[in-house]
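Working notes for the structure below.
Numbering (my numbering), first residue to last: 5 to 149.
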């Protein structure tokens with residue numbers, strides 16, 4: 005084998021198609037782009053998402069209802085029966101995150117009444133619904149800010 009005899013395998017390299025080079029090439033005149041329209045013109049081949057050919061697009065025809073905040077919801081909900089799985093005592097946001105009851109994206113947590121509570125918990129820096137607060141206090145715990 006010599007360096008001057010190396011060449012690519014048969015069919016590995018294909019010559020590019022030269023368009024717009026006369027009628028004999030098969031791709032002359034319009035160069036395979038058809039007649040007129042945005043796809044026939046240079047740099048105009050893309051159509052934006054939702055474009056319906058000039059007709060009023062669907063997203064503009066439908067009524068807009070309500071309000072959706074663009075801010076990500078950063079409050080995680082923790083249910084009472086999930087809280088009951090922890091050891092009794094002081095519970096704060098860090099303890100909930102350590103127990104994997106709160107996702108890493110959450111910035112605060114709120115205790116929601118669902119299920120039963122059998123242990124006494126003292127909540128520090130956590131939000132709680134009125135029902136959850138009553139259930140925690142009934143079990144001998146406290147909800148503090």
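C-beta: ideal position from N, C-alpha, C; glycine also.
On a predicted model such as this, the values are computed, not experimentally measured, just so you know.
Within 8 angstroms, strictly: CB atoms of residue i and residue j
{"i": "residue 132", "j": "residue 145", "result": "no"}
{"i": "residue 35", "j": "residue 24", "result": "yes"}
{"i": "residue 100", "j": "residue 126", "result": "no"}
{"i": "residue 135", "j": "residue 85", "result": "no"}
{"i": "residue 106", "j": "residue 139", "result": "no"}
Same chain, Cβ closer than 8 angstroms to residue i, neighbours up to 5 away in sequence not counted
{"i": "residue 78", "result": "109, 110, 111 and 112"}
Residues bridged to residue i [DSSP beta-bridge criterion]
{"i": "residue 148", "result": "128"}
{"i": "residue 115", "result": "82 and 132"}
{"i": "residue 93", "result": "125"}
Contact set for residue i: own chain, Cβ-Cβ below 6 angstroms, skip 5 residues either direction
{"i": "residue 137", "result": "147"}
Same chain only: Cβ atoms within 7 angstroms of residue i, ignoring 5 sequence neighbours per side
{"i": "residue 41", "result": "none"}
{"i": "residue 122", "result": "88 and 143"}
Proximity test, residue i beta-carbon vs the ligand HEM heavy atom, cut-off 7 angstroms
{"i": "residue 91", "result": "Ligands are entirely absent from the displayed structure, and the ligand HEM is therefore not among its contents."}
Using 8 angstroms as the cut-off, can you tell me whether the stretch 114-123 makes contact with the stretch 88-96, which would need three or more C-beta pairs spanning the two stretches below that distance? yes
Could you tell me which uninterrupted alpha helix (DSSP H) segments, each at least 4 residues in length, are contained entirely in the stretch 46-81, listed from first to last along the chain? 62-65
Could you pull out every unbroken alpha helix (DSSP H) segment of at least 4 residues lying fully inside the stretch 11-41, listed in chain order? none
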